[in-house]
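Take a look at the structure set out below.
Following this line, the structure appears as structure tokens:
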């Protein structure tokens, strides 16, 4: 019990534990903190990933931290202050703006180190937005998930290198390993998408059905490819992603499929619970985002599965994909070039696609693993706590 009492208590705060990069990063750090001998706590609303906190050795504290009004933030600051005092929290790690404001106030009161991670783009496109965003640049240490985000933090929020740490997100290269995906899992995904196992190449776009993700651009590219007759191979394009509530875009997208005559070629797969299997059965993965992605974890996961990726050349994509070596980059918004790249990938030999996929997986293994992200984040905690968490984590040798 004495040893347990001396273990550092790390509290992560975020709005909710639904599916997404912020949420998955939180769960991954719960696992790492527990393996390193710390005590991981997470304060947030419930969500799909909430059971994973206990599974990986942490404890979830239900708390509605996503409300943005000043009164809600002040109430949540008081609640977090009480949690910090009761649980003897050593450090707080905030991953979203409203929770970060509450956490900053609580940490200042309790004199506890305050760490932030800037996960999103968070544009300052109206008055006061930059001031609201600035809390994620106000940590004792500020973690940027890509060089793209780090450059913006330096330029727009004057975060110096004394506080700024660049830690890319990673892929679990055990879970996302083509050697570890059984045929029955692939068949289950095919059935869920209502696709016959007839040898048609699958073009996968895994993303929420949101306009800026670029589904409409991909439909335009597919229409061009058919009209120009650039490939004779049979293919099916699958949009695998959740449908946002109260959004008219999914209905518009489906109408566009009919208008372009793409109905035989397009499936809407919804949320996929077995993404490694979905990637394994795909001929290629297309990420045609209209706005720069702050990181783009799906691009790295697809590369970990040795899949050819075709990605819009902006944001962090230019960091994670080496054009012509580990994937293909096309000018953002250019449907015709995208169509040419899709057709070229379809027409490439199996050996050419395999070579591209092999180089992509090696790139991930060298630069973008979950384990390297976990160790680097624990090292940031150690800068503030001097607890040796990163070293103990590596001694465990668990994971990739």
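Numbering (our numbering), first residue to last: 46 to 445. All residues carry an ideal CB built from backbone N, CA and C; glycine is no exception.
Taking the beta strand (DSSP E) that residue i belongs to, which residues open and close that run?
i           : result
residue 193 : No beta strand (DSSP E) holds residue 193; the alpha helix (DSSP H) holding it covers 192-202.
residue 312 : 311-313
residue 56  : 54-61
residue 188 : 186-189
residue 85  : 84-90
residue 115 : Careful: residue 115 lies outside any beta strand (DSSP E), inside the alpha helix (DSSP H) at 115-132.
residue 226 : Counting along the chain, residue 226 falls outside any beta strand (DSSP E), and DSSP gives it neither H nor E.
Taking residue i as part of the alpha helix (DSSP H), name the residues at either end of that continuous run.
i           : result
residue 152 : 142-155
residue 263 : 260-273
residue 240 : Note, residue 240: premise wrong, no alpha helix (DSSP H); not H, not E.
Just checking my contact of residue i with residue j at CB under 8 Å: how many whole Å lie between their CB atoms?
i           : j           : result
residue 214 : residue 340 : 5 Å
residue 178 : residue 164 : Not really, about 12 Å apart at Cβ, beyond 8 Å.
residue 295 : residue 254 : 4 Å
Determine the contact status of residue i and residue j, defining contact as a CB-CB distance below 8 Å.
i           : j           : result
residue 78  : residue 98  : no
residue 330 : residue 391 : no
residue 75  : residue 101 : yes
residue 251 : residue 350 : no
residue 118 : residue 87  : no
residue 352 : residue 327 : yes
residue 266 : residue 384 : yes
residue 209 : residue 233 : no
residue 127 : residue 226 : no
residue 382 : residue 366 : no
residue 393 : residue 276 : no
residue 143 : residue 92  : no
residue 187 : residue 125 : no
residue 235 : residue 261 : no
Count the other CB atoms within 10 Å of the CB of residue i; is the residue buried (16 or more) or exposed (fewer)?
i           : result
residue 368 : exposed
residue 289 : exposed
residue 303 : exposed
residue 135 : buried
residue 338 : buried
residue 360 : buried
residue 399 : exposed
residue 138 : buried
residue 191 : buried
residue 64  : exposed
residue 441 : exposed
residue 140 : buried
Would residue i count as contacting chain B if we go by Cβ distances under 8 Å?
i           : result
residue 322 : Among the protein chains of the structure shown there is no chain B, as only one such chain exists.
Q. Touching or not, the stretch 280-289 and the stretch 301-314, by the rule of three or more beta carbon pairs under 8 Å?
A. yes
Q. Can at least three beta-carbon pairs, one atom from the stretch 359-375 and one from the stretch 417-425, be found at a separation below 8 Å?
A. no
Q: Say whether the stretch 151-162 touches the stretch 170-185, bearing in mind that this needs 3 or more beta-carbon pairs closer than 8 Å, one atom from each stretch.
A: yes
Q | Contact between the stretch 252-265 and the stretch 228-243 (3+ Cβ pairs under 8 Å) | A | no
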